[in-house]
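Okay, so the sequence shown: first residue is 1 according to the numbering used here, each after it adds one.
All C-beta atoms, glycine included, are put in the ideal place defined by N, C-alpha and C.
Every value quoted in this text rests on a predicted model; they were computed, and no experiment measured them.
Step one of this worksheet: look at the structure below.
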Amino acid sequence: MDTTTIVLLLAAIVIVSIVIIVLSQMRERARIERARKITSQEDAYNRAFRLLSEIPGQYLTADLKLLLIKRMEEACNELAGLRSNLPVKQWQESATDLKKQVLENRDATTPVKIDSPEKSNYVKELLQNLFKMIEAMHKSGRIDAATAKKNLKYVLFLVHKTHADLHVFQARDYVRQNQTRKAIHAYHLASTEMAKSRDNPLALRAVKSFRMRIKELEAMSAEGKDSQHNESQSKLDREWDTFLHDDEWKKKADYDD
Numbered sequence: 001m002d003t004t005t006i007v008l009l010l011a012a013i014v015i016v017s018i019v020i021i022v023l024s025q026m027r028e029r030a031r032i033e034r035a036r037k038i039t040s041q042e043d044a045y046n047r048a049f050r051l052l053s054e055i056p057g058q059y060l061t062a063d064l065k066l067l068l069i070k071r072m073e074e075a076c077n078e079l080a081g082l083r084s085n086l087p088v089k090q091w092q093e094s095a096t097d098l099k100k101q102v103l104e105n106r107d108a109t110t111p112v113k114i115d116s117p118e119k120s121n122y123v124k125e126l127l128q129n130l131f132k133m134i135e136a137m138h139k140s141g142r143i144d145a146a147t148a149k150k151n152l153k154y155v156l157f158l159v160h161k162t163h164a165d166l167h168v169f170q171a172r173d174y175v176r177q178n179q180t181r182k183a184i185h186a187y188h189l190a191s192t193e194m195a196k197s198r199d200n201p202l203a204l205r206a207v208k209s210f211r212m213r214i215k216e217l218e219a220m221s222a223e224g225k226d227s228q229h230n231e232s233q234s235k236l237d238r239e240w241d242t243f244l245h246d247d248e249w250k251k252k253a254d255y256d257d
């Protein structure tokens with residue numbers, strides 16, 4: 001075997017080795033990228049499912065529920081294409097069933113009382129995550145600008161209501177303890193929170209209701225009748241507890257303005 005043949009043979013070996021190394025690196029990068037995509041879509045599914053499950057039932061409108069389910073379905077479709085080992089088919093069936101329940105108004109809604117700063121902050125965190133998710137869906141072209149604007153405005157309104165919920169709970173407790181001045185202050189704080197969404201008819205209705213309650217409490221305090229007007233308090237409690245389920249006011253609310 002002459003020198004030229006040896007050189008060519010060695011060159012061929014080197015080239016083949018390089019090709020093998022390059023192909024191996026490409027396969028590894030593809031494997032890592034696939035794993036990254038699977039993890040990303042699994043996280044997206046879990047985030048949407050968590051928001052759907054943990055945000056208080058009275059806060060989620062049908063539109064918000066359908067957006068969350070849409071994100072879950074999109075994640076499932078991506079995972080199916082990546083041929084992951086996750087229970088994607090089961091997730092898809094669950095999402096389809098949930099969507100049907102929402103569209104037919106059969107989904108269970110469990111109200112949650114916001115009765116502590118910790119619970120208020122936790123719900124606020126969930127709503128902020130929902131806000132970011134809707135923004136991301138808009139930026140990626142999954143939803144149009146009008147849909148994004150309408151729902152983002154409503155989620156921001158819910159953040160304010162979360163704080164108001166806590167102040168109302170505290171105000172009720174102060175009333176029961178005959179601490180009228182503290183109750184008035186708590187209602188003032190609730191009114192201030194709702195006023196931050198002054199472009200929302202529901203928020204304006206709440207502000208008006210709080211102001212009426214404050215006047216009642218001020219009159220009670222002036223007359224020294226801290227324990228009376230229970231009927232008025234009960235009426236306000238009922239109105240606030242069903243605040244987001246008042247169909248008549250929802251029909252009047254226009255979040256696109």
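In this structure, DSSP gives Leu-9 a helical state, which the three-state scheme calls helix.
Around the CB of Lys-65, 16 or more other CB atoms lie within 10 Å, so the residue is classed as buried. Within the same chain, no residue comes within 6 angstroms of Lys-149 by CB-CB distance, once the 5 residues on both sides are set aside.
Collapsing the DSSP output to three states places Val-112 in coil. Rounded to the nearest whole angstrom, the CA to CA distance from Ala-186 to Ala-62 is 31 angstroms. Considering only Gln-101, Ala-80, Arg-50, the residue with the shortest C-alpha distance to Gln-92 is Ala-80. Under the three-state reduction of DSSP, Gly-141 is assigned to coil, being neither helix nor strand.
Asn-77: member of the alpha helix (DSSP H) spanning 62-81, first to last residue. When the beta-carbon positions are compared, Ile-55 and Lys-99 stay at least 8 angstroms from each other.
The Cβ-Cβ distance between Asn-200 and Phe-157 falls below 8 angstroms.
For Arg-198, the secondary structure class from DSSP, reduced to helix, strand or coil, is coil.
Pro-87 carries a coil assignment under DSSP once its states are collapsed to helix, strand and coil.
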